[in-house]
Amino acid sequence: MNLYFRITLTCYILFVWVHNPVRAQKMSIKEADALFNRFQYALALPAYQKIVKDQNSNLYLTQRIADCYRQLNNSKEAEQWYTRVIQFPDFDPEALRYAADAARKNGKYDRARQWYEQFAQRVPAHANLASQLAAGCDSAQQWLVKPEPYELQKAENINSKNSDFSPALFQNSLVFTSDRPTAKSKKVSGWTGNPYPKIYWAPKQINGQFGTPIALGSPINNQYHNGSAAFSPDGQTLYFTRINQVKTEIKNGNTDPFSWVKFDAPKPTVNRLEIYISQKQGENWGEPKPFAHNKASAYSVGHPAISPDGDLLYFVSDMPGGFGDTDIYYCARQVDGSWSKPVNAGKEINTAGKEVFPVVAAPNKLYFSSEGHIGMGGLDIFSAEGKGATWKNVKNLKYPLNSSADDFGIVFDETKEAGFLSSNRNSDNGTDDIYAFKRVRSPCLLAGRVIERVLQTKGEFTEKPVAGARLRLYLPGDTTASNIYSDAQGNFTFPVKSGLAYALQASKEGYLVKTTDLTPDCPPEVDQVKLSVVLDRNTLNTTIILENIYYDFDKYDIRPEAKPELDKLVRILQDNPTIRIELGSHTDSRQTGEYNKKLSQLRAEAAVNYIISRGIDSSRLIAKGYGETQLLNGCKDGVACSELEHQINRRTEVKILSR
């Protein structure tokens with residue numbers, strides 16, 4: 007389906023009721039231009055083609071045919087016709103941009119890059135834009151070589167020959183938008199030549215497949231455009247987009263070729279998007295009511311998305327004051343249930359281009375599609391962390407969730423590892439399909455080594471391999487585990503899958519049992535990941551130095567970076583339920599000996615209290631402060647040392663008291 011019609015919010019279209027889009031076979035250029043200027047591209051295209059067939063082609067007609075294909079989102083034909091346009095000596099440099107865009111959407115990145123570079127030379131004012139688009143070509147080629155671990159295929163029993171897009175999951179069914187023909191769909195869009203879109207739902211059957219899609223009845227679907235459904239967390243409220251024809255407040259035309267909105271003046275009426283809200287009434291949906299912040303006389307509002315708690319409503323609009331063509335906005339639910347004034351989601355999300363189709367997948371996770379951020383071509387799907395107007399970590403989902411074509415309207419199922427998205431990849435005429443995707447766990451080899459750290463001198467250790475250690479690898483919740491023993495060099499291997507959370511338990515007579523949590527990352531170019539497992543002797547009075555259990559000068563609080571190391575000790579105590587330990591705390595030499603003794607006791611008690619808070623019985627723990635009596639280096643009284651050298655002495659050690 008055409009990009010403007012499907013994606014953008016202000017559809018300045020005059021819809022016509024037609025039964026034969028090729029009815030005007032002998033139209034003049036003036037008549038064809040009239041259709042084109044009314045945005046009836048599905049009608050204008052065959053008229054121009056007939057004229058070209060009957061007489062010699064020229065720049066004007068070639069450009070018009072190329073523009074029709076672009077507006078109909080047929081990138082293959084658009085590339086061919088813009089290639090012809092730029093062969094004329096006096097072509098508009100804008101055609102280079104459109105030719106590059108089409109080539110990029112067709113996955114021809116080298117050709118697209120060349121045309122973007124030529125466009126930058128011909129139109130220096132847009133050199134930065136051209137550079138960004140060329141950079142997107144470079145990124146796309148890299149992502150194609152190293153795809154993300156997902157598999158995609160067209161959703162079964164859902165797609166038609168027309169456009170199907172914007173999926174949503176609702177009560178064990180798939181809800182989506184489609185402009186497929188029906189027995190009642192007599193009216194056709196002059197822009198696309200297809201029926202007006204409607205909202206459909208497909209219930210999931212016992213076999214796990216979706217049944218035959220059914221169009222929602224009145225009052226949700228009316229005779230014109232309805233789509234992009236979103237549901238409240240309790241399933242009692244439906245938010246969706248509807249196009250209405252309204253009188254416009256805009257009196258002047260806008261023919262800027264780089265603007266999102268292009269129309270001639272004056273236009274007494276325009277078609278704009280609005281959000282409508284319907285409440286569930288028993289088994290049916292009630293009469294939809296307009297969103298309080300619709301203002302169709304001035305701008306469009308559409309593509310609603312509701313947060314998991316139902317308190318934030320995100321949407322897309324071209325209202326004045328935004329960063330680009332269309333921006334994502336949000337409203338907050340007030341105490342009385344009304345929605346606050348719209349607030350722009352901010353420049354981390356919004357760009358000078360188009361941002362559309364927001365989806366809130368978690369309390370602090372937003373997915374959206376964008377042409378403004380660097381992508382593979384057309385619309386790409388991005389993720390961001392945050393809420394409201396505060397966002398960070400905006401990331402392209404890369405290939406294969408994104409492609410050189412338009413990708414948008416993503417939704418995840420309850421596993422967060424599978425779902426559906428819309429794309430017009432593999433389409434000859436620009437129509438959209440709904441794709442099912444799932445994360446694939448890439449296999450690789452976990453290559454580990456079991457070692458013992460042997461203390462040589464104060465603060466210095468050597469590593470010694472531990473042979474014959476028993477290794478057990480299991481997934482939390484599993485009752486079975488893979489077993490293996492380390493070889494003479496302490497080495498071992500396990501087959502693992504990327505992204506799964508494993509627990510690896512190592513044990514051997516005379517050593518403490520140790521469990522390590524790990525989530526391997528298996529990139530396509532790496533066939534193994536490495537891990538070292540350090541075992542400690544289960545010997546009375548053996549000292550185990552905990553790494554990173556350091557303290558600020560003159561403080562005894564547990565620093566945040568120390569908690570993970572203490573958590574490892576908690577795990578050791580859980581794996582070895584019979585041992586009792588002493589936590590000995592040490593200070594540097596600054597301050598008096600008596601003061602340092604008291605400070606170290608407070609530090610040891612702070613560590614013990616933290617471990618108790620994690621569920622370990624206090625009878626298994628002894629706190630002891632040693633002050634400055636056991637320095638690890640020469641930083642004693644009267645010796646000038648750096649802060650780092652002093653910090654080495656501020657430590658906590660573990661000693662096994664009984665087994």
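In this text, residue positions in the sequence shown follow my numbering: the first is 7, and each later residue adds one. From the three backbone atoms N, C-alpha and C, an ideal C-beta is built for every residue, glycine too. Nothing here was measured: the structure is a model prediction, and the numbers come from that model.
Return the CA-CA distance between residue i and residue j, expressed in angstroms with no decimal places.
| i | j | result |
| --- | --- | --- |
| P95 | D333 | 38 Å |
| V675 | A235 | Not covered by the structure: residue 675. The range shown for the chain is 7 to 665. |
| N489 | G454 | 14 Å |
| S648 | E458 | 30 Å |
| I249 | N232 | 7 Å |
| Y441 | F374 | 16 Å |
| F125 | K360 | 21 Å |
| P203 | Q46 | 16 Å |
| R596 | K401 | 48 Å |
| S166 | N350 | 36 Å |
| T357 | L518 | 56 Å |
| Q287 | N200 | 32 Å |
| Q534 | C450 | 5 Å |
| Y122 | S313 | 39 Å |
| P187 | I164 | 14 Å |
| A221 | S433 | 24 Å |
| E571 | I654 | 16 Å |
| H132 | K404 | 26 Å |
| S624 | Y616 | 11 Å |
| F269 | N80 | Its pLDDT being 41, under 50, F269 is placed unreliably in this model, and the coordinates cannot settle the point. |
| A610 | G631 | 6 Å |
Is the CB of residue i under 7 Å away from at least one CB in chain C?
| i | result |
| --- | --- |
| D434 | Reference to chain C is not applicable here, since this structure consists of a single protein chain. |
Just tell me which of the options has its CA closest to the CA of residue i.
| i | options | result |
| --- | --- | --- |
| N399 | K574, Y405, S389 | S389 |
| Q607 | A629, I618, Q597 | A629 |
| D438 | K160, I92, Q55, A109 | K160 |
| A174 | F246, N134, R186 | F246 |
| V539 | R478, N547, S504, D484 | R478 |
| A473 | L510, C450, R128, G516 | G516 |
| N168 | P310, L78, L51 | L78 |
| V58 | R44, P209, I35 | I35 |
| H309 | T183, L452, L150 | T183 |
| S448 | K56, S429, D527 | D527 |
| A136 | I212, E651, R110 | R110 |
| L541 | D533, L552, G113, Q534 | L552 |
| Y230 | P209, T243, G214, I205 | I205 |
| G113 | A311, N134, N602, K82 | K82 |
| T593 | K661, C641, F426 | C641 |
| K470 | T485, G496, R476 | G496 |
| T635 | N602, P296, T68 | N602 |
| N228 | F418, D185, E154 | D185 |
| N134 | A424, I380, T486 | I380 |
| I662 | E588, D643, E289, I618 | E588 |
Do residue i and residue j have their CB atoms nearer than 7 Å?
| i | j | result |
| --- | --- | --- |
| G633 | G590 | no |
| Y320 | P364 | yes |
| S492 | F500 | no |
| R586 | R620 | no |
| Y335 | S323 | yes |
| L49 | C74 | no |
| G378 | G328 | no |
| F171 | G415 | yes |
| D413 | L452 | no |
| I226 | W149 | no |
| V456 | A487 | no |
Identify, in the order they occur along the chain, each residue of the same chain with its Cβ nearer than 8 Å to the Cβ of residue i, setting aside the five sequence neighbours on each side.
| i | result |
| --- | --- |
| Y156 | P406, L407, F443, K444, R445, V446 |
| G352 | A395, T396, W397 |
| G214 | none |
Give me, in chain order, the residues of the same chain whose beta-carbon lies closer than 6 Å to that of residue i; leave out the 5 immediate sequence neighbours on both sides.
| i | result |
| --- | --- |
| H316 | In the sequence on display, residue 316 carries Gly and not His. If we look at G316 and ignore the five residues flanking it on each side, its Cβ neighbours are S238, P239. |
| R431 | S409, A411 |
| A61 | Per the sequence shown, residue 61 should be read as Gln rather than Ala. Counting only Cβ-Cβ distances below 6 Å, and skipping sequence neighbours, we find nothing. |
Less than 7 Å between C-beta atoms, sequence neighbours within five positions excluded: which residues of the same chain meet that for residue i?
| i | result |
| --- | --- |
| A509 | Y480, P482, T521, D523 |
| Q177 | G241 |
| R128 | P99, L102 |
| S346 | C337, A338, Q340 |
| G392 | N370, K398 |
| C143 | R110, Y115, A118, R119 |
| E466 | none |
| F97 | L65, V91 |
Can you give the beta carbon distance from residue i to residue j, rounded, assuming they're within the 8 Å contact cut?
| i | j | result |
| --- | --- | --- |
| V91 | A106 | Wrong, their Cβ atoms sit about 12 Å apart, outside the cutoff. |
| L279 | V307 | 6 Å |
| I283 | T243 | 6 Å |
| R54 | L67 | Residue identity differs from the one stated: residue 54 is Tyr in this sequence, not Arg. Between L67 and Y54 the Cβ distance is about 6 Å, and since that is below 8 Å, they are a contact. |
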